[in-house]
Ligand code: SF4
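Residue numbers (the numbering used here): 11 to 127.
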């Protein structure tokens, strides 16, 4: 089966054409300009993951930008966003502070991406 994707690893957005066999294994990737595109296609078609970026609210109502420290499985993103939206934090926070440990049992922490007083 042929599947087409757009690589999201850099602004060039290369159009990738992949061939997937009957067991779901990616057997070829073309259209990529660098090896990151091949790796992206293989991961996307077998174990799709994303970094989640959003904001949490401080008790004062100020939004604090956050992201997952690592990519999480795509099917966990909705749970992760719900968990992030359910917390209120105390200020100040520094960039890189852990806001939620092991969010939604993913093994990944949510961290602040900016210092907020
Ligand atoms: S294949 Fe390489 S050059 Fe093309 S979009 Fe992906 S990272 Fe960028």
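Even for Gly, the Cβ is constructed at its ideal location relative to N, Cα and C.
Which term fits residue 57, buried or exposed, when burial requires 16 or more other beta carbons within 10 angstroms of its beta carbon? If you draw a 10 Å sphere on the C-beta of residue 57, you find fewer than 16 other C-beta atoms in it, and that means exposed.
Is any heavy atom in the ligand SF4 found nearer than 7 Å to the beta carbon of residue 43? For residue 43, the CB falls within less than 7 Å of some heavy atom of the ligand SF4.
Taking 7 Å as the cut-off, is the C-beta of residue 34 nearer than that to any heavy atom in the ligand SF4? False, no ligand heavy atom lies under 7 Å from that Cβ.
Could you have a look at residue 18 and say whether DSSP puts it in helix, strand or coil? Correct three-state label for residue 18: coil.
8 Å Cβ shell around residue 91 - same chain, five flanking residues per side excluded: For residue 91, the CB contacts under 8 Å within the same chain, skipping 5 residues up- and downstream, are 62 and 64 in chain order.
Measure the Cβ-Cβ separation of residue 46 and residue 84 and say whether it is below 8 Å. Against a cut-off of 8 Å, the Cβ pair of residue 84 and residue 46 comes out as no contact.
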